[in-house]
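To start, the structure under review is shown below, and the notes come after it.
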Amino acid sequence: MKPGSKPTFSQGILTARGGLSDYKLSKVQFPSNAIYCYTSNGPCFGNGDLWMTGNFGSSKRTTYKEVITESFNFFADDYEVFQLVKK
């Protein structure tokens, strides 16, 4: 994927803690800033909503409707990124 902004209209971030019984879904408010791609980073969502570099992450609510995590900076043991494709 080429570096830069990837607009979308159906993007959301699902955050699960302790299984799917405790989850939060945050939908995008500003589609033109929903996803960013960089060669030096992991997944980057929004204008600071969720940025990962290796296992280090940062989060602040700007582009998505809900806060993704309570901590501004954090370490993640593991994370997964999925793309859903309509058939």
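The opening residue of the sequence shown carries number 364 in this note's numbering; numbering runs sequentially from there.
Heads up, the beta-carbon is just placed ideally off N, CA and C, and yes, glycines get one too.
{"Query": "How about Thr416 and Gly409: do their beta carbons lie closer than 8 Å?", "Result": "no"}
{"Query": "Out of Leu413, Val430, Asn436, which one is the CA nearest neighbour of Ile398?", "Result": "Leu413"}
{"Query": "Assuming Lys387 contacts Lys428 (C-beta within less than 8 Å), just tell me the rounded distance between them.", "Result": "The pair is not a contact, with the Cβ atoms about 10 Å apart (cut-off 8 Å)."}
{"Query": "Is DSSP giving Ser395 helix, strand or coil here?", "Result": "helix"}
{"Query": "Give me the Cα-Cα distance between Leu377 and Tyr401, rounded to the nearest whole angstrom.", "Result": "21 Å"}
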